[in-house]
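K.L.:
Residue numbers (our numbering): 17 to 177.
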């Protein structure tokens with residue numbers, strides 16, 4: 017018998033607006049340099065190829081899944097790209113659930129299962145995250161595009177057990 021799924025979300029690698037903006041500004045710089053550089057044909061072609069490459073890589077990254085979040089009545093499953101391990105967080109060991117800002121920084125790099133300073137981080141995009149604290153004091157920070165729905169699903173799952 018399959019368990020009931022309370023919440024499901026896919027986080028994509030290239031859909032964070034700040035990094036999309038950075039990539040588009042770099043491509044725009046390459047195309048402006050291509051337009052301005054009339055005398056040196058070789059460097060002109062190189063700027064065009066690099067600008068086009070940045071756009072193509074950006075489009076591919078829009079469809080690359082960074083990780084999936086699934087909330088079940090007893091646990092939270094986080095599965096990442098291709099060869100990464102699946103992380104299972106048992107909800108019976110969680111003592112505190114909070115929804116708050118992921119970070120105070122403007123630019124945040126995508127991470128999966130990053131252990132640092134007593135926190136385990138999962139992030140691809142969005143401003144807010146769900147912070148889970150277990151009995152041992154370990155904090156799981158799960159970034160989400162829909163943090164309120166993730167928070168509600170975890171609270172519902174904790175209420176059932």
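All C-beta atoms, glycine included, are put in the ideal place defined by N, C-alpha and C.
How should residue 176 be labelled, buried or exposed, when 16 other C-beta atoms within 10 angstroms of its C-beta is the threshold for buried?
P.N.:
Counting Cβ neighbours within 10 Å, residue 176 comes out exposed, since fewer than 16 surround it.
K.L.:
Can you look up residue 133 in the DSSP assignment and give me helix, strand or coil?
P.N.:
Coil.
K.L.:
So what does DSSP say about residue 64, is it helix, strand or coil?
P.N.:
In this structure, residue 64 counts as helix in the three-state DSSP scheme.
K.L.:
Pull up the distance between the alpha-carbon of residue 32 and that of residue 109, whole angstroms please.
P.N.:
Roughly 31 Å between the two C-alpha positions.
K.L.:
Excluding the five sequence neighbours on either side, which residues of its own chain have a C-beta within less than 7 Å of the C-beta of residue 112, listed in chain order?
P.N.:
Around residue 112: 149.
K.L.:
Where in the region 52-127 do unbroken runs of the beta strand (DSSP E), each at least 3 residues long, occur, reported from the N-terminal end onward?
P.N.:
Within the region 52-127, the complete beta strand (DSSP E) runs of at least 3 residues are 81-87, 91-96, 103-106 and 110-117.
K.L.:
Closest to residue 171 by CA distance: which of 69, 92, 118 and 62 is it?
P.N.:
The shortest C-alpha separation from residue 171 is found at 92.
K.L.:
Residue range of the beta strand (DSSP E) that residue 159 falls in?
P.N.:
Note, residue 159: beta strand (DSSP E), 155-159.
K.L.:
Whole angstroms is fine: what's the gap from residue 36's alpha carbon to residue 147's?
P.N.:
Near 26 Å, if we compare the C-alpha coordinates of residue 147 and residue 36.
K.L.:
So the beta strand (DSSP E) residue 148 belongs to, where does it begin and stop?
P.N.:
Start and end: 144-150.
K.L.:
Indicate the three-state DSSP secondary structure (helix, strand or coil) for residue 164 in the structure shown.
P.N.:
Helix at residue 164.
K.L.:
Whole angstroms are fine: how far does the CA of residue 81 sit from the CA of residue 102?
P.N.:
So the alpha carbons of these two residues sit roughly 14 Å apart.
K.L.:
On the DSSP bridge assignment, give the partners of residue 20 in chain order.
P.N.:
In DSSP, residue 20 forms no bridge with anything.
K.L.:
Apart from the five residues just before and just after residue 105, which ones in its own chain have a Cβ nearer than 7 Å to its Cβ?
P.N.:
Excluding sequence neighbours, residue 105 sits near 91, 92, 148 and 156.
K.L.:
Buried or exposed for residue 125, going by 16 or more other Cβ atoms inside 10 Å?
P.N.:
By the 10 Å Cβ count, residue 125 comes out exposed.
K.L.:
Spell out a yes or no on whether the region 130-141 and the region 61-69 are touching, meaning 3 or more CB-CB pairs, one atom from each, closer than 8 Å.
P.N.:
The region 130-141, when compared against the region 61-69, does not touch it at the 8 Å Cβ threshold.
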